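Worksheet: the structure to be examined is printed underneath.
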Amino acid sequence: MTNELHEDDFPPHPTLSPLQQRAAQMLAFGLSYRKISAELGIGLASIHRWKQLPEFAEHLDALSSEIAHRFQSRNLRATLKAIRTIHRICFDENQKASDRLAAATKIIDLAMSWYVIRPLEVSRHKLESMANHGHEAPCK
1499 MTNELHEDDF PPHPTLSPLQ QRAAQMLAFG LSYRKISAEL GIGLASIHRW
1549 KQLPEFAEHL DALSSEIAHR FQSRNLRATL KAIRTIHRIC FDENQKASDR
1599 LAAATKIIDL AMSWYVIRPL EVSRHKLESM ANHGHEAPCK
């Protein structure tokens, strides 16, 4: 899967014209009415009128939901990949203790932002204490 979504990624709507479908896709991606008007060669009034059509509004809502879902899924995959990378650094005994501590701290900061709070905060303080006293800080 590529990083970008394209109009071909979405099924056609049976009752909307190709121009209306493209306008709905552009709206769903957050483009302005002026940008859509200029790119598609249509008037602003057409876009406003189309948005009042129930089938256009439903299609726009479906596209917006699908785009949001795809971006959330992609961002989750990227976040998990980043966490796995940070985790590998944390447990790589060939890395400097300061790099391992930084990796462990980043994992804990991410987890805390997701409301996994108290036990991880204690571990973070133990790691910082060990690093401040010159001990090798195991990330276990």
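Anchor point for the sequence shown: position 21 equals 1519 in our numbering, and the numbering is continuous, going up by one each time.
Every residue gets a Cβ at the ideal spot worked out from N, C-alpha and C, and that includes glycine.
This structure is a prediction, so every number in the text was calculated from the model and none was measured.
- The C-alpha of residue 1562 lies about 36 Å from the C-alpha of residue 1586.
- In the structure shown, the three-state DSSP call for residue 1559 is helix.
- Apart from the 5 residues on each side of it in sequence, residue 1553 sits with its Cβ closer than 8 Å to the Cβ of 1511, 1513, 1514 in its chain, given in chain order.
- Residue 1588 sits away from residue 1580, with the two beta carbons spaced by 7 Å or more.
- Note on geometry: alpha-carbon atoms of residue 1557 and residue 1583 lie some 39 Å from one another.
- For residue 1546, the enclosing alpha helix (DSSP H) begins and ends at 1542-1549.
- For residue 1509, the three-state secondary structure derived from DSSP is coil.
- A buried status is given to residue 1598, since no fewer than 16 other beta-carbon atoms sit within 10 Å of its beta-carbon.
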